[in-house]
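Protein chains in written order, with my numbering: chain A, 294 to 878; chain B, 294 to 878.
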């Protein structure tokens with residue numbers, strides 16, 4: 294069940310270095326890496342500044358909370374994480390989960406709301422730490438790809454719909470996707486034209502940068518890749534600055550009713566411990582677990598992909614510890630739940646990040662903004678931030694994914710569909726839970742009806758193949774059956790039923806040979822079934838024989854005493870030997 | 294994933310006969326079977342009469358409810374079930390579940406309690422019907438053997454402890470096992486000596502019959518097996534009659550405070566429809582699902598074992614329909630939830646039951662008792678019924694089972710322990726739920742860390758084996774890896790991690806050959822991982838190759854477009870061919 298020791302290459306050192314990975318890169322820091330780490334850190338900061346504020350708005354929080362969440366948590370991850378490229382901070386889907394989860398208990402923007410968000414970040418952090426310390430990271434594997442894909446596409450739609458109120462400038466009610474869309478349509482006549490113009494203008498600018506300028510720079514110019522990344526990643530900041538300029542020049546707030554961000558406090562929030570209330574913690578637990586699931590799955594997938602490009606590997610359990618510590622830090626420094634984001638990590642990587650120093654530079658740069666430059670954002674229209682969010686989540690909406698999954702596996706496509714629909718209609722927590730349970734049941738169903746084939750001898754060879762697919766020879770008194778699955782509690786009764794049916798339908802059969810070439814393990818339930826199957830077959834005048842059993846499975850059967858009950862002489866190395874011994878050669 | 298059509302031998306006929314299985318045996322009834330069916334039916338009735346009353350008492354119900362549950366439901370199952378031997382009626386563990394579940398909402402013995410029990414039987418029946426009609430019987434496979442074994446042993450202890458109040462004659466409080474035991478100890482001085490004498494006397498008589506008389510009759514006499522069964526199965530009825538005689542002769546009720554059953558109404562309860570209240574149904578749902586799980590698992594296992602002895606097979610989905618109809622019948626005829634019991638079915642089988650006619654005879658016999666002979670049981674001491682229950686559940690308490698499971702599989706033994714302890718300390722519903730979830734997580738954990746071996750060539754042969762277990766030859770620029778598990782969402786990330794680690798630790802490797810001889814299917818998540826793995830390996834300068842992929846898996850890879858992305862030339866029929874092509878021959 295476990296990997297052989299020799300496969301475990303130590304990657305992050307041993308002892309102290311394993312738990313404090315920065316000792317690996319900080320102590321032996323190579324001067325040559327300094328310029329690229331510096332550039333990457335600055336480029337990522339330029340991208341993160343508007344995005345952090347936009348995602349905070351999406352989470353129902355004032356913009357500075359997004360900035361706070363992008364400083365200390367980022368630095369903590371840089372010191373404890375095993376990826377030099379992963380960039381941690383607020384991301385779209387986590388922000389949506391915060392809003393959906395916490396707005397059920399407090400009014401967004403209220404002090405109570407902020408208090409609950411800080412507690413939520415604390416819980417998220419503690420759960421991640423616990424999973425990491427207990428090495429329970431494998432639990433994250435409950436979220437299958439179709440669930441995550443369906444969830445992400447539906448979340449993108451919900452996020453985009455939620456931004457409509459900032460883009461159109463009137464109040465839109467509702468929590469579920471369809472409620473929001475209906476409310477937006479019914480109020481369309483109240484659209485604020487100036488707000489819409491600012492929002493659409495920002496979107497067009499952002500889209501031009503991404504879809505026109507980027508390919509142009511890449512194909513028509515000889516700019517180095519880091520420079521292209523800098524220009525394209527700078528698009529949101531440029532848009533924000535243009536938006537501020539326009540709002541300030543034409544006093545859009547007073548004259549045209551364009552809502553702006555307003556006063557952002559300068560400097561950091563004081564350190565605070567979250568107010569721990571059991572009742573609050575219980576209420577927030579479903580949201581916290583949802584955030585843990587989706588953020589860990591995303592963070593680790595991104596970190597792994599970027600590390601392996603450099604032929605490095607990450608330590609998933611240490612990643613959990615680092616992400617947990619980052620979230621606890623977010624909680625005590627006035628931030629909100631953070632995740633290793635896909636978009637920003639790719640930017641960090643493309644801009645040349647080699648070690649965690651890049652993230653330290655990013656954190657320091659945003660820290661400078663928080664300390665001295667927040668008044669700059671007073672006139673920033675909320676519609677510009679909404680445009681940033683919508684363009685960012687556009688790439689998350691991938692209905693084509695369902696089609697791709699459909700081609701891979703019909704039932705998995707159903708999982709995508711179920712998750713997608715439940716997220717849209719019932720919310721993200723219900724959706725992800727439904728998806729996870731659905732895919733587990735599907736997996737059990739799949740393995741609970743394994744492929745079972747009656748096999749016969751191919752010509753005069755020693756090969757045995759499915760009687761339905763090949764021209765093979767069989768004997769009336771022996772039936773040889775191959776089971777293409779490990780035997781465990783969910784398929785053991787199906788196996789028993791099928792074998793008994795085979796025997797019940799063939800009164801002339803005296804011997805049943807079970808071929809175990811595809812059986813990787815046998816659990817206690819299956820062992821029990823094999824025992825009773827043997828007795829039931831014997832009572833019906835049929836002897837059970839085993840052939841081609843793998844070494845570890847044979848050990849299990851020995852230990853359980855099954856071989857002694859069966860008779861060691863009924864166990865054969867191969868189907869060929871079994872058939873010869875049973876006069877079916 | 295599904296069995297080949299040729300394996301599905303029709304067992305219960307087709308069309309109407311499939312859904313009304315009695316058409317198979319009633320229409321073509323063989324005269325020769327009549328005597329054994331008659332004897333078996335009577336023997337089973339003799340055993341069932343005291344047991345039905347005892348289990349009703351265990352369920353917190355008056356004794357006649359147990360008798361009602363043994364008439365109409367039994368007949369309905371006989372007509373709709375596919376087993377001629379399964380005997381349906383009240384059983385110990387279901388009765389315990391009824392008591393534990395319903396006593397939380399109503400005082401046992403009150404009209405409200407009975408009303409809820411009837412509703413419970415109705416829900417249990419409808420859920421079973423639904424599972425059968427939708428062919429969802431495979432869901433029952435969620436309950437693994439260790440969960441069921443741990444649950445059964447703990448339940449036996451709870452049941453025995455619950456009978457102490459009838460055996461000792463004083464009030465014992467508490468629901469959990471430890472509460473009951475503590476309460477029994479603290480009140481020990483109030484023991485009613487006459488009650489205890491009657492109870493212990495009954496237990497000794499019953500134990501003598503089972504452990505002394507049965508082996509004696511079998512070994513020392515030449516009585517036919519059916520006669521032995523009759524004598525031994527008659528033990529409870531004999532004990533009951535002796536108990537009644539003693540209580541009547543010495544007026545134990547009035548003179549010595551021995552509580553007796555009292556007046557039992559003669560005749561059947563009028564047909565009633567359960568009072569359907571959504572709130573009640575919701576409250577009872579956890580209990581109903583628990584009962585469905587445990588009773589279906591027991592019934593189908595017993596039916597299957599007895600059928601296969603006669604080289605017949607049962608249809609599990611039709612069994613669900615029959616059990617569902619029996620429970621709905623119990624609900625409208627004043628009974629309570631019924632199950633195909635192990636003990637009574639074995640008696641029915643040993644006494645010679647061939648078809649459902651035996652159960653019809655049993656039902657009719659008990660019907661006669663209900664109509665005319667209930668006054669006979671007025672003086673029956675409750676302590677005698679308690680003794681019957683305790684002796685019956687003794688055989689369910691099997692701590693040795695944990696040891697056996699331990700020898701089969703360490704982690705499965707942990708499942709047994711967790712289920713056992715949680716059932717004792719927190720109750721049967723919490724216990725079974727914990728066990729099911731625990732064993733699912735365990736299974737996912739097990740398959741989420743599959744055995745992955747680096748393999749090399751054995752001598753000059755075409756065989757490739759684990760480098761750690763065999764002396765084999767490898768090449769520095771090629772690494773061949775065998776994965777002993779199907780690839781699905783829970784192990785796909787572990788696979789990716791392990792392969793990337795292998796490559797990260799071997800900078801000289803240029804080719805990775807993935808050997809798929811033990812891969813039975815690949816789901817969409819794993820497909821996705823293979824894609825990204827291929828790209829990640831390529832980015833690191835390593836080419837991925839596939840060898841020894843099974844036909845159906847190859848079809849999946851083709852359909853998903855993976856083979857086109859990988860390059861068909863990188864897919865080899867065998868590891869040998871792959872290694873030759875990569876200059877590692």
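Cβ coordinates follow ideal geometry from the N, Cα and C atoms, glycine included.
With a threshold of 6 Å on Cβ separation, who are the neighbours of residue i within its own chain once the five nearest residues in sequence on each side are excluded?
i, result
"residue 480(B)", "463"
"residue 865(A)", "840 and 871"
"residue 809(B)", "841 and 842"
"residue 837(B)", "805, 827 and 830"
"residue 615(B)", "370, 373 and 374"
Between which two residues does the alpha helix (DSSP H) containing residue i stretch?
i, result
"residue 597(B)", "571-602"
"residue 367(A)", "365-373"
"residue 500(A)", "486-501"
"residue 773(B)", "Note, residue 773(B): premise wrong, no alpha helix (DSSP H); beta strand (DSSP E) at 771-776."
"residue 471(A)", "470-479"
"residue 321(A)", "No alpha helix (DSSP H) contains residue 321(A), which DSSP labels as neither H nor E."
"residue 607(A)", "Per DSSP, residue 607(A) belongs to no alpha helix (DSSP H) and is neither H nor E."
"residue 330(B)", "327-351"
"residue 699(B)", "693-701"
"residue 801(B)", "Segment: none, residue 801(B) is in no alpha helix (DSSP H) and carries neither H nor E."
"residue 815(B)", "Unbroken run through residue 815(B): none, as it is neither H nor E."
Would you report the Cα separation of residue i and residue j, rounded to the nearest angstrom?
i, j, result
"residue 876(A)", "residue 848(A)", "28 Å"
"residue 534(B)", "residue 435(B)", "43 Å"
"residue 617(A)", "residue 357(A)", "22 Å"
"residue 685(A)", "residue 630(A)", "19 Å"
"residue 425(A)", "residue 578(A)", "18 Å"
"residue 611(B)", "residue 311(B)", "8 Å"
"residue 639(A)", "residue 793(B)", "20 Å"
"residue 648(B)", "residue 697(B)", "35 Å"
"residue 642(A)", "residue 527(A)", "15 Å"
"residue 861(B)", "residue 854(B)", "11 Å"
"residue 313(B)", "residue 601(B)", "21 Å"
"residue 353(B)", "residue 391(B)", "8 Å"
"residue 349(B)", "residue 588(B)", "16 Å"
"residue 737(A)", "residue 801(B)", "40 Å"
Short of 8 Å in beta carbon distance, which residues of its chain neighbour residue i, apart from the five on each side in sequence? Order them along the chain.
i, result
"residue 553(B)", "540, 545, 546, 671, 672, 673, 674 and 675"
"residue 525(A)", "502, 503, 506, 507 and 510"
"residue 477(B)", "454, 457, 458, 461 and 465"
"residue 565(A)", "411, 625 and 627"
From which residue to which residue does the beta strand (DSSP E) around residue i run?
i, result
"residue 840(B)", "836-840"
"residue 760(A)", "Unbroken run through residue 760(A): none, as it is neither H nor E."
"residue 749(A)", "745-750"
"residue 381(B)", "380-382"
"residue 804(B)", "804-808"
Note down, in chain order, each residue of its chain lying with its Cβ closer than 7 Å to the Cβ of residue i, except the 5 sequence neighbours on either side.
i, result
"residue 335(B)", "654 and 658"
"residue 729(A)", "435, 436 and 440"
"residue 573(A)", "409 and 412"
Taking a cut of 9 Å between CB atoms, which residues from the segment 736-749 of chain A lie near chain B? 736, 737, 738, 739, 740, 741, 742, 743, 744, 745, 746 and 747
In the segment 630-654 of chain B, which residue ranges form an unbroken alpha helix (DSSP H) of at least 4 residues, counting only runs that do not cross its ends? If only complete runs of 4 or more residues are kept, the segment 630-654 of chain B shows the alpha helix (DSSP H) at 635-643, in order along the chain.
Going along the chain, which residues of the segment 681-711 of chain B sit with their C-beta nearer than 7 Å to a C-beta in chain A? 698, 700, 701, 702 and 705
If we require 4 or more residues per run, which alpha helix (DSSP H) segments fall completely within the segment 384-425 of chain A? Within the segment 384-425 of chain A, the complete alpha helix (DSSP H) runs of at least 4 residues are 385-395.
For the segment 817-831 of chain B, which residues have a CB atom closer than 9 Å to at least one CB atom of chain A, in sequence order? 817, 818, 819, 820, 821, 822, 825, 826, 828, 829 and 830
In chain order, what residues of the segment 771-796 of chain B put their CB closer than 8 Å to some CB of chain E? No chain E is present in this structure, whose protein chains are A and B.
If you measure beta-carbon to beta-carbon, which residues of the segment 849-861 of chain A are closer than 8 Å to chain B? 849, 852, 853 and 854
Could you tell me which whole alpha helix (DSSP H) segments of length 4 or greater appear in the segment 525-560 of chain B? 528-542 and 545-549
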